[in-house]
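Only one structure is covered here, and it is reproduced in the block below.
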Amino acid sequence: MATQNNNGNGIASEERTKQSAALVPKLRFKEFEGEWEQKKLGDVSSKVAYGMNSAAITFDGKHKYLRITDIDEETREFIPSPLTSPDGLIEDKFKMKLNDIVFARTGASTGKSYLYNPKDGDLYYAGFLIKVNISKANSYFVYSQTFKESYRKWVQVYSMRSGQPGLNAEEYKNLKISIPQDEEQQKIANFLTAVDTKLQQLTTKKELLAQYKKGVMQQLFSQQLRFKADDGSDFADWEFPHANILFKSVSDKKHNSDLPILAITQDQGAIPRDMINYQMIVTDKSVSSYKVVQVGDFIISLRSFQGGIEYSNYHGICSPAYNILRPTSENVNSDFYRIYLKTAFYIKQLQKRLEGIRDGKMISYKYFSEIKLPFPSLKEQQKIASYLSAIDAKIELVNVQITKTQGFKKGLLQAMFV
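Okay, so the sequence shown: first residue is 20 according to my numbering, each after it adds one.
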């Protein structure tokens with residue numbers, strides 16, 4: 020996949036000066052020239068229609084219901100959770116067909132689009148969606164334009180004219196799009212499809228790695244799978260002490276308030292607030308009561324009974340409302356417990372122990388201490404942590420590749436369209 024200059028084959032990038040107002044893309048395949056034609060969505064489509072007003076019921080094994088919430092916000096793929104069917108009479112006129120695009124017509128997701136993929140099976144679209152059938156252009160080419168920044172701005176402006184987010188069928192039909200000749204449409208669509216295929220492959224790779232990690236973790240923490248010592252011998256049997264034997268509660272408030280204030284998150288652990296644009300006004304007096312968090316400490320958060328105990332890679336301070344945990348000895352490997360204290364098994368143990376606790380109530384150190392934790396030898400802890408961290412590194416590498424490919428596609432969408 021390459022973007023080449025005017026001296027090679029493939030895509031040629033041109034600087035437009037005199038033609039800046041012309042309907043010509045900045046990035047174009049070399050064999051094409053001339054201006055694109057501006058049309059409206061209604062000019063290239065037929066059968067604009069609203070969806071069926073039916074409630075969702077348990078999936079019947081055949082008829083899949085397509086609702087706004089079943090369209091992924093980022094990929095725009097059909098990803099239902101859970102899979103459902105429409106209730107009542109199911110008519111073929113609401114069944115998605117090849118070259119059909121649906122648009123969300125109301126609510127915060129107004130403008131969200133989905134291009135029917137035959138692999139998704141028999142789909143019936145719901146009432147808060149508007150369907151168009153692209154009959155006079157390449158449907159993927161038209162659909163791709165709904166990922167452009169200009170489309171997002173159009174939705175933002177036109178959907179709020181009545182004060183409530185929403186667009187009707189006539190407004191969608193009047194959406195302006197620029198169209199080249201059929202051959203150029205097809206070549207652009209093919210190129211972007213190849214990029215989408217690459218993204219899908221990377222996403223699948225990430226999912227497979229995550230599944231593999233989950234399976235390995237279950238085997239390791241249940242001791243179905245055991246590492247050997249470097250000399251080939253077996254490690255000692257695991258102990259299962261109460262958590263307070265391995266972790267102590269600390270409340271160190273000795274600081275001069277110049278340390279970064281940490282936000283306690285479920286997905287990233289304890290991180291500086293400015294890394295997530297967390298805005299909160301605090302006074303010097305209140306900051307003076309904040310607790311010091313060291314690298315390797317654990318924090319019991321308000322949501323620990325949902326997402327486990329959080330780990331800190333940062334030296335900073337956090338609200339005195341949090342319980343800070345610190346290993347009691349060097350025989351406690353923080354990386355091992357960083358992983359274990361976020362497992363589904365441990366979270367289930369927390370939930371079982373804290374049955375009846377109300378959402379938003381902090382878990383006390385006492386509650387935490389009552390749960391027994393696995394305690395392998397330090398060497399085995401290190402081997403387990405290293406192995407699982409290596410899988411994490413592979414997943415992160417794929418994440419980087421996904422982000423780069425998404426950025427590449429975004430750039431193409433802005434440059435290859437008018």
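All C-beta atoms, glycine included, are put in the ideal place defined by N, C-alpha and C.
Kindly indicate which residue of the options has the alpha-carbon position closest to the one of residue i.
i: N263; options: I207, T165, E168, S383; result: S383
i: A145; options: T125, L211, K155; result: T125
i: A41; options: P199, F317, E110; result: P199
i: V312; options: Y162, Y330, D141; result: Y330
i: D271; options: Y359, Y341, V437, F210; result: Y341
i: K233; options: T103, E96, S158, S408; result: S408
i: Q230; options: K413, Q420, T422, G426; result: K413
i: E399; options: S338, L369, D249; result: D249
i: L102; options: D119, D139, A127, S132; result: D139
i: G335; options: N418, D316, Q325; result: D316
i: N418; options: L218, L85, N209; result: L218
i: K367; options: R357, S320, I390, G61; result: I390
i: N254; options: Q401, I410, D411; result: The amino acid occupying residue 254 in the given sequence is Phe; Asn does not appear at that position. Selected option, being the one with the closest Cα: Q401.
i: K267; options: E56, E92, Y386; result: Y386
i: E56; options: Q370, K81, K195; result: K195
i: E92; options: Y133, S169, P291; result: Y133
i: I18; options: I120, K66, S65; result: The structure shown does not extend to residue 18, since the chain is modelled only from 20 to 437, so the question has no answer here.
i: G326; options: L369, C337, L239; result: L369
i: Y406; options: V176, W173, V351, L244; result: L244
i: G182; options: D215, D79, A127, N352; result: A127
i: A156; options: T216, S65, S388, F324; result: S65
i: D79; options: R86, S353, N352, I109; result: I109
i: T362; options: F324, Y84, R86, S388; result: F324
Look at residue i and residue j and say whether their C-beta atoms are less than 7 Å apart.
i: I153; j: Y191; result: no
i: S178; j: L186; result: yes
i: Y143; j: F113; result: yes
i: L117; j: M435; result: no
i: I318; j: I283; result: yes
i: F355; j: I403; result: yes
i: V43; j: E54; result: yes
i: I18; j: V269; result: The structure shown does not extend to residue 18, since the chain spans only 20 to 437, so no value can be given for it.
i: I314; j: S276; result: The residue asked about is misnamed: residue 314 is Val in this sequence, not Ile. No, the pair does not count as a contact, with Cβ atoms beyond the cut-off.
So who's on the other strand from residue i, going by DSSP bridges?
i: M71; result: A145
i: Y330; result: F317
i: I290; result: A282
i: V311; result: I336
i: G185; result: T125
Taking 6 Å as the limit between beta carbons, can you name the residues of its chain near residue i, skipping five residues before and five after?
i: R180; result: none
i: S73; result: P105, D106, G107
i: L432; result: F166, K167
i: S163; result: L211
i: F51; result: E203
i: K429; result: none
i: M20; result: Legend: pLDDT at M20 = 42, less than 50; position of this residue unreliable, value from coordinates given subsequently. Result list for M20: empty, nothing under 6 Å.
i: P260; result: F394
i: Y159; result: A208
i: T151; result: Note on identity: in this sequence residue 151 is Val, with Thr being the wrong assignment. Same-chain partners within the cutoff: S64, V67, I120.
Nearest-angstrom Cα distance between residue i and residue j?
i: I265; j: E349; result: As written in the sequence, residue 265 is Leu, which differs from the Ile given in the question. The alpha-carbon atoms of L265 and E349 are separated by roughly 10 Å.
i: D111; j: N193; result: 27 Å
i: S252; j: F246; result: 9 Å
i: K225; j: G130; result: 29 Å
i: A75; j: L278; result: 51 Å
i: R322; j: V161; result: 43 Å
i: D141; j: T77; result: 15 Å
i: E33; j: K206; result: Any reading at E33 is ruled out, since the residue's pLDDT is 47, under 50, leaving its predicted position unreliable.
i: A68; j: Q204; result: 25 Å
i: M236; j: T88; result: 32 Å
i: S320; j: G288; result: 10 Å
i: L397; j: D293; result: 35 Å
i: N209; j: E202; result: 11 Å
i: P346; j: I358; result: 15 Å
i: P99; j: A123; result: 15 Å
i: G61; j: I280; result: 53 Å
i: T424; j: T94; result: 13 Å
i: G426; j: S308; result: 43 Å
i: M115; j: E189; result: 20 Å
i: L239; j: R372; result: 23 Å
i: V176; j: F97; result: 26 Å
i: R171; j: P184; result: 13 Å
i: K58; j: P137; result: 27 Å
i: Y84; j: M71; result: 10 Å
i: N1; j: I410; result: What the structure shows of the chain is the stretch from 20 to 437, and residue 1 is not part of that stretch, so it cannot be assessed.
i: V174; j: F48; result: 29 Å
Leaving out the 5 sequence neighbours to the left and right, which residues in its chain are closer than 7 Å to residue i when beta-carbon positions are compared?
i: W257; result: Q242, P393, F394, P395
i: Q38; result: Its pLDDT being 42, under 50, Q38 is placed unreliably in this model, and the coordinates cannot settle the point.
i: T222; result: I421
i: I290; result: L281, A282, T284, Y333
i: P339; result: S308, Y309, K310
i: H274; result: V311, I336
i: K81; result: D141
Kindly list the residues whose CB is nearer than 8 Å to the CB of residue i, restricted to its own chain and excluding five residues on each side of it in sequence; keep chain order.
i: I295; result: A282, T284, Q287
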